[in-house]
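What follows is a short report on a single structure.
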Amino acid sequence: EKISMIESVERVPSLRFALLSPFVWNKLKNLQRSGWVKRGVKNPESVADHIISLREIGYTYNNLSTKDRNDLIDMLEVHDWPEAIHGDEIIVTQNMEDRKKLKAIKFEKERKALIEICNNIAEHGDTILNLWLRFETSDDDIATLGRQIDKYQAIEKALEYEKTQGISSFQDFLNYARKDIHDSILLKRIEALE
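Numbering of the sequence shown is given in our numbering, commencing with residue 54 and proceeding in unit increments.
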């Protein structure tokens with residue numbers, strides 16, 4: 054199992070858009086994910102680390118067409134780009150009404166941030182913006198899968214930090230994300246983690 058995972062990681066295509074905006078990629082490499090910081094994780098993953106990890110998971114989906122798999126890993130590459138300007142904001146309220154309002158505000162801030170970024174990328178700006186919008190709105194099966202992979206990776210990371218740093222959060226992340234994960238491959242991976 055370990056060897057096949059390493060082999061699949063080695064085959065993941067290089068980042069497609071990072072070189073188009075070194076400013077964004079450098080900011081994401083230096084931006085620690087705020088959920089882990091809030092929980093006291095030492096040396097938590099950066100947003101760039103998170104993106105790379107998601108792309109590695111997405112690339113293991115051999116059951117997708119080449120186009121769908123490429124769309125998936127491209128979408129995962131750009132899904133957090135607005136954080137280079139907007140920061141890694143997390144919404145913690147359990148009140149569904151407040152949560153809905155805060156998500157709408159966050160979406161609009163991130164959309165404006167990404168438009169600002171894309172205005173400086175002549176050739177692929179529209180592509181990046183469209184990939185991000187697809188991901189955010191879950192307009193299709195590939196975007197929905199991308200969002201599930203994003204939630205799954207947090208579960209995986211929570212278990213890693215629990216094992217290596219004794220920060221108990223695996224069960225919290227599992228309980229939070231499980232209702233949104235329906236993909237059979239991800240459900241099997243969750244079973245293995247448990």
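For each residue, glycine too, the CB sits at the ideal point set by N, CA and C.
Given residue i as reference, the closest of the options once Cα atoms are compared
i, options, result
"Glu109", "Gly199, Asn173 and Trp78", "Gly199"
"Gly140", "Glu150, Gly88 and Ile238", "Gly88"
"Glu244", "Leu167, Leu212 and Gln85", "Leu212"
"Thr261", "Leu155, Ala71 and Pro66", "Any property of residue 261 remains undetermined from this structure, which presents the chain solely from 54 to 247."
"Lys80", "Arg92, Val100 and Leu73", "Val100"
"Ile158", "Ile143, Ala175 and Lys232", "Ile143"
"Gln201", "Ala175, Val131, Asp121 and Ile238", "Ile238"
"Ser191", "His177, Leu125, Lys162 and Gly219", "Leu125"
"Leu84", "Ser74, Asp102 and Ala196", "Asp102"
"Leu107", "Glu130, Lys162, Asn173 and Asp236", "Glu130"
"Ala137", "Asn116, Lys95, Ile104 and Asn123", "Ile104"
"Ser74", "Ala175, Lys95 and Arg92", "Ala175"
Which residues DSSP lists as bridging residue i, in chain order
i, result
"Gln147", "Answer is none; Gln147 lacks a bridge partner."
"Gln85", "Ser99"
Cα-Cα separation, residue i to residue j
i, j, result
"Trp134", "Ile181", "9 Å"
"Ala148", "Asp225", "The sequence shown places Asn at residue 148, not Ala. Answer to the nearest angstrom: the Cα atoms are 17 Å apart."
"Ser57", "Lys204", "Annotation note: pLDDT 40 at Ser57 (below 50); position unreliable, coordinate value reported separately. Roughly 23 Å between the two C-alpha positions."
"Glu247", "Asp151", "32 Å"
"Lys118", "Val77", "Here the sequence assigns Ser to residue 118, which means Lys is not the residue at that position. Roughly 29 Å separates the two Cα atoms."
"Ala196", "Asn116", "16 Å"
"Lys162", "Lys153", "14 Å"
"Ser61", "Asn123", "In this prediction, Ser61 has a pLDDT of 44, which is less than 50 and means its spatial position is unreliable; nothing more can be read from the coordinates."
"Arg86", "Gly178", "25 Å"
"Asp214", "Gln206", "Looking at the sequence itself, residue 214 is Tyr, so the reference to Asp does not match. Using only the alpha carbons, I get a separation of about 12 Å."
Own chain partners of residue i with C-beta closer than 8 Å, once the 5 adjacent residues on each side are dropped
i, result
"Val90", "Pro97"
"Leu155", "Ile144 and Thr146"
"Asn228", "none"
Close beta carbons around residue i, own chain, < 6 Å, minus the five adjacent residues each side
i, result
"Asp127", "Arg69 and Leu184"
"Ala230", "Lys204 and Ile208"
Residues near residue i in its chain [Cβ-Cβ closer than 7 Å; skip 5 each side]
i, result
"Lys82", "Ser99 and Ala101"
"Gln218", "Val94 and Lys95"
"Arg263", "For residue 263 there is no data in the structure shown, the boundaries of the chain being 54 and 247."
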